[in-house]
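Reading through the structure tokens given below for one structure.
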Amino acid sequence: MANWGGRTGAGFGSASSRTDREEITALVVIAVITVLLWHSPYGGYLLYPFTILSTWFHEMGHGLAAMAFGHEFERLVIYPDGSGYALHLAEGDPPRIAMASIAAAGLLGPTVAGCLLILASRTQRATKVALAVLGAVLLGSTLIWVRSITGWLVLPALGAFSLWLAFFASAQHKHFAVQFIGVQGCISIYRDFGYMFSEGGMLGGMPQISDTGHIAQALFLPYWFWGGVISAMIAAMVFWSLRVAHRR
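Once you know that position 131 of the sequence shown is 133 in our numbering, the rest is easy, because the numbers rise by one and skip nothing.
Following this line, the structure appears as structure tokens:
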């Protein structure tokens, strides 16, 4: 049992390049504004649904990775303050590589989801599919795994809104929404940046080992080393996704 916590033509190419630069600039601005809001007195209230969404990404990363290693994903709990855990069950002692991978999947989950959403913004069809899949998975996971009032209240609302965007919003609004949500996923780990560089903290009033602490226990080298490795992986994934999403 474990809790974790192509295009050618000079004129068109020039316009396309300007559009790409403008989009990347807009994404960076969104990221900066989000970080500032997180550290403002009332910004957390404005971004609360996305805080819960990032926790869902994180815990689903743990849960899905656990399932990939043959464990039973038993429940996903999200607390009102945005913390949470994924409970998974395994028979016997799981291999160390499995334990480390499951722990890392939670830290990387929001960024992987965010990068996939940013990549989906390349085409209208992919954007629609991404929003529809996100909405369906939010609703489905709530029925199957979520076992907390906060999750029951927030996640279905986000799922329904994502489905509404996919099928009824304008192409422009879909494009903005999928990129906005993608940015939130990509930068969400930096809301609690110190978490990656700590041995643990309190969760639901109980002491809890951090994900990097779990990795350090399973493998070798201290938790702060793995925090650096995860940070570098996140930065590389974000850079790659932006580069691919705006490749012409």
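Glycine included, C-beta positions come from ideal geometry on N, C-alpha and C.
Who are the Cβ neighbours of residue i in its own chain at under 6 Å, not counting the five residues just before and after it?
i    : result
G116 : G184, G187 and C188
S262 : Beyond the ends of the chain as shown, which are 3 and 250, falls residue 262; an answer cannot be given.
S2   : Because the chain here runs from 3 to 250, residue 2 falls outside it and cannot be looked at.
V37  : none
A220 : R98, M101 and A102
For the beta strand (DSSP E) holding residue i, just list the boundary residues, first then last.
i    : result
I80  : E74 to I80
L109 : Taken as a continuous stretch (DSSP letters only), L109 belongs to no beta strand (DSSP E), being part of the alpha helix (DSSP H) at R98 to A122.
I211 : M208 to I211
Y225 : No beta strand (DSSP E) holds Y225; the alpha helix (DSSP H) holding it covers Y225 to A247.
Y87  : G86 to L91
Please work out which residues of its chain come closer than 7 Å, Cβ to Cβ, to residue i, disregarding the five sequence neighbours upstream and downstream, and give them in chain order.
i    : result
G65  : F75, L78, A88, H90 and W147
A67  : S103, I104 and A107
A247 : I120, L121, S123 and R124
I26  : L244 and H248
Starting from the C-beta of residue i, find all residues in its chain whose C-beta is less than 8 Å away, skip the five residues before and the five after it, and write them out in chain order.
i    : result
W154 : T144 and V148
Q126 : A173, K176 and H177
L39  : G45, G46, L48 and L49
I54  : I80, G84, T152, G153, V156, L157 and L160
A162 : G137 and L141
Considering residue i, what are the terminal residues of the alpha helix (DSSP H) in which it resides?
i    : result
L145 : Q126 to I146
A162 : I151 to F170
G251 : Not covered by the structure: residue 251. The range shown for the chain is 3 to 250.
H64  : Y50 to A70
G94  : G94 -> no alpha helix (DSSP H), and no H or E assigned at all.
H254 : There is no way to answer for residue 254, as the model of the chain reaches only from 3 to 250.
Exposed or buried, residue i, counting other C-beta atoms within 10 Å across all chains shown (16 or more means buried)?
i    : result
I99  : exposed
D213 : buried
H41  : exposed
Y225 : buried
G84  : buried
L157 : buried
Y197 : buried
R193 : buried
I35  : exposed
F195 : exposed
V30  : exposed
A179 : buried
How many whole angstroms separate the CB atoms of residue i and residue j, which I take to be in contact at a CB cut-off of 8 Å?
i    : j    : result
F71  : P96  : 7 Å
M62  : G111 : 6 Å
M239 : V114 : 7 Å
(request) Count the CB pairs spanning the stretch 239 to 248 and the stretch 116 to 128 that are closer than 8 Å, and state whether there are at least three. (result) The stretch 239 to 248 is in contact with the stretch 116 to 128.
(request) Could you tell me whether the stretch 163 to 173 touches the stretch 130 to 145, where touching means 3 or more Cβ pairs closer than 8 Å? (result) yes
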